[in-house]
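Working notes, structure below.
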Amino acid sequence: MKEKFQQHRLMLETEFNKRQSEFAKNGLADFVDQQKSYFMKKLDSVENAALVGVLVKVKNLEDLSKVLPRNSIDSKIGTSIGDAEAKYPGGITAIRNFISENIYTENINTEELANLTTKVRFVVERDGSVSQVKASGDSASLNRQSEIVLYLLPEKFSPAQINGTPVRSYYSIPITIAKN
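At position 109 of the sequence shown the residue is numbered 108 (numbering that gives the first Met the number 0), and the sequence of numbers has no breaks.
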């Protein structure tokens, strides 16, 4: 889904750049800039709404999976440190960079935006995928956006291991948004 929005964003960018060169001759380049900014914000808003919809679907599936019977050993989540902890390719720096580049802050009140903090906890599954993302912090909007961006991580984790066997494990990361 994210690729589709990137494709549309690129097409809009290209079209607006064409129009801007045409309108610059008539002194209307500022008008095109305003329209471009307006359309890009609308596209961001639509993308965010779509991602929230996906998040709701994932959360519902996770809630349903709690109701279904499971193998008791298979479903346990490790809380103690095993042979190896879950690791993301590129480490915590790569996660933080991805979050800072992809978190959507348009719907967070700008007066609220000074140093908001949330703590995100999630499960790294045996296959390295992320599930059961839950954020708690200063702002409900920041919490939701933090959950979304973690589901969008482009790469899988190396799962935690106990005795050389991949196991599910919890992972936590604090996220702070500072006003620029």
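We treat Cβ as the ideally placed atom computed from N, Cα and C, and that holds for glycine. Here the structure is a predicted model, which is why all the values come from computation and not from measurement.
query, result
"From this set, 153, 145, 85 and 132, which residue's C-alpha is nearest residue 175's C-alpha?", "145"
"Would you give the residue range spanned by the alpha helix (DSSP H) that residue 115 belongs to?", "Here residue 115 belongs to no alpha helix (DSSP H); instead the beta strand (DSSP E) covers 115-123."
"Express the C-alpha separation of residue 37 and residue 141 in angstroms, rounding to a whole number.", "23 Å"
"Give the straight-line distance between the Cα atoms of residue 68 and residue 54, rounded to the nearest whole angstrom.", "At residue 68 the pLDDT is 47, less than 50, meaning the model places this residue with poor confidence; the figure from the coordinates comes in the next sentence. One C-alpha to the other measures close to 23 Å."
"Looking at residue 118 and residue 130, is the spacing between their C-beta atoms short of 7 Å?", "no"
"Here's the rule: buried if 16 or more other CB atoms are within 10 angstroms of the residue's CB, otherwise exposed. What is residue 138?", "buried"
"Return the residue from the list 41, 121 and 48 that minimises the CA-CA distance to residue 158.", "121"
"Would DSSP call residue 26 helix, strand or coil?", "coil"
"Let me know if residue 98 comes out buried or exposed under the rule of 16 or more other beta-carbons within 10 Å of its beta-carbon.", "buried"
"From residue 95 to residue 22, what distance separates their C-alpha atoms?", "40 Å"
"If you draw a straight line from the C-alpha of residue 32 to the C-alpha of residue 173, how long is it?", "36 Å"
"Near residue 86, what residues of its chain come up, given a Cβ to Cβ distance below 8 Å and the 5 sequence neighbours on each side ignored?", "156 and 157"
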